[in-house]
Amino acid sequence: NALIVTGSTTRDVAGRRVCKLLEDAGRSADAILTCGATIEEVEKIMEKALEMDASFLLGVGSGRSIDLAKLASTRLELPFISVPTAASHDGIASSRASIMDNGRNSSVQAQAPIAVIADTAIISAAPFRFLAAGCGDIISNYTAVLDWELANRLRNE
Numbered sequence: 006n007a008l009i010v011t012g013s014t015t016r017d018v019a020g021r022r023v024c025k026l027l028e029d030a031g032r033s034a035d036a037i038l039t040c041g042a043t044i045e046e047v048e049k050i051m052e053k054a055l056e057m058d059a060s061f062l063l064g065v066g067s068g069r070s071i072d073l074a075k076l077a078s079t080r081l082e083l084p085f086i087s088v089p090t091a092a093s094h095d096g097i098a099s100s101r102a103s104i105m106d107n108g109r110n111s112s113v114q115a116q117a118p119i120a121v122i123a124d125t126a127i128i129s130a131a132p133f134r135f136l137a138a139g140c141g142d143i144i145s146n147y148t149a150v151l152d153w154e155l156a157n158r159l160r161n162e
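Numbered as in this note's numbering, the sequence shown ends at 162 without a single skipped number.
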């Protein structure tokens with residue numbers, strides 16, 4: 006049994022298609038729509054996964070849906086597959102989830118996906134600003150590593 010975590014827009018872009026592909030492959034699949042990257046949404050996803058006896062979760066979307074599926078699957082100790090609809094950041098493949106808790110946004114340790122399945126037709130159809138943001142994210146990761154290496158060399162940090 007697969008639980009697909011998605012939003013209303015990303016359900017239309019890719020969520021329904023993922024559900025059909027799973028069902029065509031003989032897998033039972035259900036979807037849950039999310040409306041915010043909060044701990045309450047994570048708990049709602051966990052309840053649904055337990056109720057349907059999910060064996061893995063898929064996050065279908067850009068940021069919120071992937072982060073929610075990532076954290077819920079970590080807490081349930083279930084495999085997680087990332088299905089991005091835009092290449093706007095590295096969160097689609099990372100082991101961190103951005104979640105709102107008590108009104109504060111925080112980066113929470115979670116498991117990395119066991120797979121990232123990206124349809125290039127869907128990714129390329131996303132607005133250009135998402136691709137530009139993803140390029141900026143890659144550049145910032147590179148310079149952050151260089152900053153850390155310099156601080157380590159100069160100050161043993």
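Just so it is clear, CB atoms sit at the ideal spot from N, CA and C, and this is done for glycine as well.
Shortest Cα-Cα distance from P84 to any of F133, C24, A59, M105 involves A59. Of the residues assessed, K25 falls on the exposed side of the cut-off, its CB having fewer than 16 other CB atoms within 10 angstroms. Rounded to the nearest angstrom, the gap between the Cα atoms of V65 and I144 is 25 Å. At a Cβ-Cβ threshold of 8 Å, V10 and T39 count as neighbours.
When secondary structure is reduced to three states using DSSP, G64 falls in the strand class.
Nearest Cα to S111 within the set R160, L27, D72: D72. Note on the stretch 78–147: whole beta strand (DSSP E) runs with a minimum of 3 residues are 85–89, 101–106, 109–114, in chain order. Around the beta carbon of V150, fewer than 16 other beta carbons sit within 10 angstroms, so the residue counts as exposed. Assignment of D72 by DSSP, reduced to helix, strand and coil, places it in the helix class.
The alpha-carbon separation between V121 and A92 amounts to approximately 12 Å.
If you draw a 10 Å sphere on the C-beta of S33, you find fewer than 16 other C-beta atoms in it, and that means exposed.
Considering only E162, E56, R22, the residue with the shortest C-alpha distance to V88 is R22.
Taking a 10 Å sphere around the C-beta of L155, we find fewer than 16 other C-beta atoms and assign the residue as exposed. Collapsing the DSSP output to three states places A36 in a strand. In summary, P132 is exposed, with fewer than 16 beta-carbon neighbours lying within 10 Å of its beta-carbon over all protein chains present. Counted as a single uninterrupted DSSP element, the beta strand (DSSP E) harbouring V10 occupies residues 7–11.
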